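There are 2 protein chains.
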Amino acid sequence: MQHFNHDKLGNMTARYRAQLINSLSGFKSANLIGTVNAQNKNNLAIFSSIFHLGASPALVGFITRPNSVSRHTLDNIIHTKKFTINQVNSCFWQAAHQTSARYSADECEFQETGLSPYYVDGINAPFVKESRLKYALTLRDIIPIELNGTQMVIGEVTDIFCDDEAIKEDGYIDIESLNTVAISGLDSYHTSQRLSRLSYAKPSVEQSKISLDGKSPSKDLDHV
Amino acid sequence: MQHFNHDKLGNMTARYRAQLINSLSGFKSANLIGTVNAQNKNNLAIFSSIFHLGASPALVGFITRPNSVSRHTLDNIIHTKKFTINQVNSCFWQAAHQTSARYSADECEFQETGLSPYYVDGINAPFVKESRLKYALTLRDIIPIELNGTQMVIGEVTDIFCDDEAIKEDGYIDIESLNTVAISGLDSYHTSQRLSRLSYAKPSVEQSKISLDGKSPSKDLDHV
Chain A
-18 MQHFNHDKLG NMTARYRAQL INSLSGFKSA NLIGTVNAQN KNNLAIFSSI FHLGASPALV
42 GFITRPNSVS RHTLDNIIHT KKFTINQVNS CFWQAAHQTS ARYSADECEF QETGLSPYYV
102 DGINAPFVKE SRLKYALTLR DIIPIELNGT QMVIGEVTDI FCDDEAIKED GYIDIESLNT
162 VAISGLDSYH TSQRLSRLSY AKPSVEQSKI SLDGKSPSKD LDHV
Chain B
-18 MQHFNHDKLG NMTARYRAQL INSLSGFKSA NLIGTVNAQN KNNLAIFSSI FHLGASPALV
42 GFITRPNSVS RHTLDNIIHT KKFTINQVNS CFWQAAHQTS ARYSADECEF QETGLSPYYV
102 DGINAPFVKE SRLKYALTLR DIIPIELNGT QMVIGEVTDI FCDDEAIKED GYIDIESLNT
162 VAISGLDSYH TSQRLSRLSY AKPSVEQSKI SLDGKSPSKD LDHV
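Here you go:
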């Protein structure tokens, strides 16, 4: 095994270091955040740092970097208090990646990448039509992270739009069937292959594979 | 498309809601956090909320919930200021899931699940031997999230251990070759299939697929 110790970590180029450290956390979610600015111009930006924060209230967080291409997203959210999150799937992953280019505030990432805005009455932020699982959020908090000047933005989910057939009986959404992609490192995109769902783990009880619908035990899945 | 509005979101059972909301953020990383307590007893717990926070300094964050099975992890980190993060791969994903069972403080998840502790001189926390990409961190900050009583724990990476062959020329780690798994929802585990790495996106420049080594453009990959 390769061992990177404190000295080795301190002596690498910034680019090598960025690639290496970005690989550590494992697979990341791939999502587009949609917002509008004060001039009602749409903005769309890819984020790989979106994470679940809690189910009740339904809170989702993400990290923004100072002076990054995500600065327009943050400015817009502060202004409108509203944003959408749209899962990226394998039909438009390259267009999604292209939104990370440093466009100016008066260029629109929808036009530049060919993705289609989708509007819902009462929600002052554009969705991505091509996304099969998307939701609107209201800004709830922005927490500064003093260690490196990033900020954690927290939104509360107000409306969810999802392809019907992906929603299972117990509320689980089969995002693999939506062809949702994952990111590794800074620039690698992946589709997925399910191993299985697993039953809730308890001490001294052998866990079992469960069906996609959350039913336990699933004899069918043993043969997959 | 199914539309869950404010009323629908408020009127679901807690279980359904937990499954649904946990599916929204997309694929999540699967990692085991290793710690020791004041009695030098090992603890190991699976987390799906670990995220990249910054490359320089190398910071990784994760979310802990009050009264959850992760409480021992947090107590131990506060005590020792040290923890390890170990990527879960497809050789031990079921053992990793089993660590989420509510064991008591004097039961050891390593023994209960059959995973092997691995020690490194000077690092006061156990690694998981079976993990092919793992690293040690020193506690840097704990940020309370008042909206739901969770906390964000931030560590700085001090030592990385990774299978040699997965580390590419530009620092990218091919975590797919390590069989690292991803999680969706609360309990679904997935392996991955790479679409491609993509070149750094610039306005008005057509992006290209790049090779695993980060070389651009890769004609070979066009045929994959």
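Heads up: the sequence lines are chains A and B, in that order. The first sequence maps to residues -18 to 205 in my numbering. The second sequence maps to residues -18 to 205 in my numbering. Just so you know, even glycine gets a beta-carbon here, dropped at the ideal spot from N, CA and C. Remember, it's a predicted structure, so these values are computed and weren't measured experimentally.
Check                                                                                                                                                                                       : Outcome
Check whether the stretch -5 to 13 of chain A and the stretch 8 to 16 of chain B are in contact - that is, three or more C-beta pairs closer than 8 Å.                                      : yes
Cβ of Q132/B less than 8 Å from any chain A Cβ?                                                                                                                                             : no
Who pairs with A117/B in a beta bridge, going by DSSP?                                                                                                                                      : T65/B and D140/B
Could I get the ranges of all uninterrupted alpha helix (DSSP H) runs contained in the stretch 40 to 105 of chain B, with 4 residues as the minimum, in chain order?                        : 52 to 61, 74 to 79 and 90 to 94
At what residue ranges does the stretch 123 to 179 of chain B contain a whole run of the beta strand (DSSP E), taking only runs of 3 or more?                                               : 131 to 143, 163 to 165 and 169 to 179
Once you ignore the five residues that flank F81/B on each side, which residues in its own chain have a CB closer than 8 Å to its CB?                                                       : As written in the sequence, residue 81/B is Ser, which differs from the Phe given in the question. Cβ neighbours of S81/B beyond the five flanking positions: A26, I27 and V50.
Provide the residue(s) that pair with K9/B in DSSP beta bridges, ordered along the chain.                                                                                                   : I164/B
Name the chain A residues that come within less than 7 Å of C143/B, Cβ to Cβ?                                                                                                               : M(-18) and Q(-17)
Does the separation of the CB atoms of A(-1)/B and L128/B fall below 8 Å?                                                                                                                   : no
Along the alpha helix (DSSP H) that carries N3/B, what are the first and last residues, could you check?                                                                                    : A(-5) to N3
With a threshold of 6 Å on Cβ separation, who are the neighbours of E150/B within its own chain once the five nearest residues in sequence on each side are excluded?                       : D194
In chain order, what residues of the same chain lie with their CB nearer than 8 Å to the CB of D140/A, ignoring the 5 residues before and after it?                                         : V101, I104, Y116 and A117
Quick check on the DSSP output: the beta strand (DSSP E) that includes L193/B runs from which residue to which?                                                                             : That residue, L193/B, is in no beta strand (DSSP E); it is neither H nor E in DSSP.
Work out the CA separation of G136/B and Y153/A for me, nearest whole Å.                                                                                                                    : 31 Å
Return the CA-CA distance between H53/B and N24/B, expressed in angstroms with no decimal places.                                                                                           : 7 Å
Do you know offhand how far F64/A's Cα is from E157/B's?                                                                                                                                    : 32 Å
Under 8 Å between C-beta atoms, does F91/A make it to chain B?                                                                                                                              : no
So which residues of chain B does D122/A contact, with C-beta pairs closer than 7 Å?                                                                                                        : L128
Under 8 Å between C-beta atoms, does H53/A make it to chain B?                                                                                                                              : no
Taking any Cβ of chain A, which residues in the stretch -14 to 16 of chain B have a Cβ under 9 Å from it, in chain order?                                                                   : N(-14), H(-13), K(-11), L(-10), M(-7), T(-6), A(-5), R(-4), Y(-3), R(-2), A(-1), Q0, L1, I2, N3, S4, L5, S6, G7, F8, K9, S10, A11 and N12
Identify, in the order they occur along the chain, each residue of the same chain with its Cβ nearer than 7 Å to the Cβ of I126/A, setting aside the five sequence neighbours on each side. : Q132 and M133
Hey, how far is the Cα of S185/A from the Cα of D122/B?                                                                                                                                     : 35 Å
Can you list, in chain order, the residues of its chain with a C-beta nearer than 8 Å to that of S4/B? Leave out the 5 residues immediately preceding and following it.                     : S165 and G166
Within a Cβ cutoff of 7 Å, which residues of the same chain sit near V162/B, ignoring the five residues on either side of it in sequence?                                                   : A11, V69, N70, S71, W74, Y170, H171 and T172
In angstroms, rounded to a whole number, what distance separates the CA positions of G35/A and V41/A?                                                                                       : 7 Å
Using the DSSP secondary-structure output, state which residues sit across from Q(-17)/B in a beta bridge.                                                                                  : C143/A
Can you give me the Cβ contacts of L55/A inside the same chain, cut-off strictly under 6 Å, excluding the 5 residues immediately before and after it?                                       : T45
Within 10 angstroms of the Cβ of E90/A, are there 16 or more other Cβ atoms? Answer buried if so, exposed if not.                                                                           : buried
Here's the rule: buried if 16 or more other CB atoms are within 10 angstroms of the residue's CB, otherwise exposed. What is N(-8)/B?                                                       : exposed
What's the C-alpha gap between L202/B and I191/B?                                                                                                                                           : Caution is warranted here: a pLDDT of 47 is assigned to L202/B, below 50, making its placement in the model unreliable, and the coordinate value is therefore given only provisionally. Answer to the nearest angstrom: the Cα atoms are 7 Å apart.
Checking the sheet assignment: what are the DSSP bridge partners for N24/B?                                                                                                                 : T16/B
Measuring only the C-alpha atoms, how far is A86/B from A182/A?                                                                                                                             : 17 Å
Spell out whether any CB of chain B is found under 8 Å from the CB atom of D168/A.                                                                                                          : yes
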